[in-house]
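Residue 192 in UniProt numbering sits at position 192 of the sequence shown, with consecutive numbering throughout. The next block holds one structure in the form of structure tokens; read it before the comments.
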Amino acid sequence: MLTFTIRRLVLAVPTLLFISLVIFLLLELAPGDPMAQVPLTVPPEVKEKMRIALGLGEPIHIRYVKWVVQFFWIEPQVLFDHIFGTGFADGKLRVISWQTRSPVMDLVVQRLPQTLWVVGVAYVLAIIIAIPVGIYSAYRQYSIFDQFGTFVTMIGFSVPPFFTGPLMVVIFAVNLHWFPSIYDTTLVVDDFESLGMQIRQMFLPVMVLTLQITAQISRFMRASMLDNFNQDYVRTARAKGMSEYTVVMVHVLRNSLIPVVTVIALGIPSIFGGAIITEQVFAVNGIGQALISAIQANDLPMVHTLTFIFAVLIVVFNLIADVLYGVLDPRVRYD
């Protein structure tokens with residue numbers, strides 16, 4: 001297991017470099033000009049100087065190499081300096097946003113807690129709901145509970161967040177006045193009253209994301225459980241006199257979790273992408289809203305960095321899923 005993990009970590013480095021190159025080239029080929037928002041009264045020679053100041057006067061390969069050095073070498077030094085109080089990154093040029101003229105990673109650190117509050121709570125809540133629902137739906141196949149769960153999950157699959165979000169705002173915020181429609185990112189949670197306000201403003205975006213995630217995971221859980229219920233080892237376990245709880249919750253569940261682990265692990269990066277729409281609807285000042293603002297302003301360093309962070313999440317959680325295979329299934333051997 002350790003050898004496999006190390007081998008995958010080493011392989012991840014060239015993979016991420018290739019992904020970063022593809023993202024960089026695609027952004028370079030995309031239409032748009034960072035000088036488009038500059039007033040027309042600005043003389044062309046001034047615009048050209050501004051373009052050079054942003055680094056656009058250099059060849060593409062030079063700009064890419066600079067970004068790689070800044071992201072993979074200088075930014076880790078900044079993190080090391082912050083933790084241990086050293087000064088390795090003092091005076092070194094970091095990845096700078098064209099829009100805000102500040103380091104991109106500083107903005108990510110500022111906005112990440114807001115995204116994690118929403119995405120993290122929604123994902124944990126969805127897993128807690130989806131796995132028991134999938135297990136019971138499979139065990140009681142075609143029952144009223146199973147049919148109702150199928151109906152709800154089909155809604156979660158079919159209706160996109162950009163529809164359910166405004167719908168929840170209209171019902172619960174505008175008509176019923178139960179929850180706020182705008183997420184207050186300046187709220188500081190330091191007592192029970194502020195905690196209650198935080199929970200109220202998180203309810204609508206968390207509910208939208210939870211519905212989407214629960215629909216996916218519960219369906220996979222149900223299908224995996226049904227597939228294992230028909231296996232010979234289940235009939236053998238029942239014939240040996242094992243209790244139904246032991247058969248379902250120990251033998252069937254453990255084998256059924258293997259494909260579901262992939263869905264859960266790979267769903268974490270994708271739900272960050274789905275949170276982009278949710279953050280726009282509920283005005284959550286998180287990573288998704290920062291990405292949309294950067295795209296609208298043609299802020300290529302910001303877009304490149306945030307998109308690459310999503311790619312890093314996919315590679316990392318792929319590795320985590322592979323490692324968990326060996327934990328859940330002793331038949332899987334990596335060494």
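C-beta atoms are modelled at their ideal positions from N, C-alpha and C, and glycine is treated no differently.
If the five residues before and after Val169 are omitted, its C-beta is found closer than 8 angstroms to the C-beta atoms of Ser181, Leu204, Val281 and Phe282, all from its own chain and listed in chain order.
In the DSSP assignment, Met202 falls within the alpha helix (DSSP H) that extends over Phe192 to Phe229.
Distances from the CA of Val121 to each of Met202, Trp98 and His61 were compared; the closest alpha carbon is that of Met202. Nearest neighbour of Leu209 by Cα position, chosen from Pro14, Trp117 and Pro76, turns out to be Trp117. Using a Cβ distance threshold of 9 angstroms, Phe308 and Val263 do not count as a contacting pair. Annotated three-state conformation of Ile182 is coil, per DSSP. By the 16-neighbour rule on beta-carbons within 10 angstroms, Ser102 is exposed. For the pair Arg222 and His177, the Cα-to-Cα distance works out to about 36 angstroms.
Rounded to the nearest whole angstrom, the CA to CA distance from Ser194 to Pro44 is 51 angstroms. In the three-state reduction of the DSSP assignment, Pro269 falls in the helix class, which pools H, G and I.
Around the C-beta of Glu244, fewer than 16 other C-beta atoms lie within 10 Å, and the residue is accordingly described as exposed.
Membership of Lys66 in the alpha helix (DSSP H) is indicated by the continuous run Ile60 to Val69. Scanning its chain for C-beta atoms nearer than 7 angstroms, with the 5 sequence neighbours on each side dropped, one finds around Met197 the residues Leu187, in chain order.
Taking a 10 Å sphere around the C-beta of Ile131, we find 16 or more other C-beta atoms and assign the residue as buried. Counting only the Cα atoms, Asn298 lies some 14 angstroms from Gly55. For Lys47, the enclosing alpha helix (DSSP H) begins and ends at Pro44 to Ala53. For the pair Ile271 and Gln289, the CB atoms are not nearer than the 9 angstroms cut-off. Only exposed fits Gln231, as fewer than 16 other CB atoms lie within 10 angstroms of its CB. At a Cβ-Cβ threshold of 9 angstroms, Gln212 and Pro161 count as neighbours.
Here the C-alpha atom of Met302 lies approximately 26 angstroms from the C-alpha atom of Leu9.
For Asn228, the closest alpha carbon among the candidates Leu257, Ala239 and Tyr325 is that of Leu257.
Put simply, the backbone Cα of Phe84 is about 48 angstroms away from that of Thr153. The C-alpha of Tyr139 is placed about 16 angstroms away from the C-alpha of Tyr233. The stretch 17-33 makes contact with the stretch 59-73; the number of CB pairs closer than 8 angstroms reaches 3 or more. Taking C-alpha positions only, Ile127 is separated from Ile155 by approximately 18 angstroms.
Between the alpha carbons of Phe18 and Gly241 lies a gap of roughly 55 angstroms. Fully enclosed alpha helix (DSSP H) runs of no fewer than 4 residues occupy 144-158 of the stretch 124-167, in order along the chain. Straight across, the Cα-Cα distance linking Tyr136 with Val68 is about 49 angstroms. In the three-state reduction of the DSSP assignment, Pro31 falls in the coil class. Excluding the 5 residues flanking it on each side, Gln141 has same chain C-beta neighbours closer than 7 angstroms at Leu226, in chain order. About 5 angstroms separates the beta carbons of Val133 and Ser218, which is inside the 8 angstroms limit, making them a contact pair.
According to DSSP, Pro103 shares a beta bridge with Ile96.
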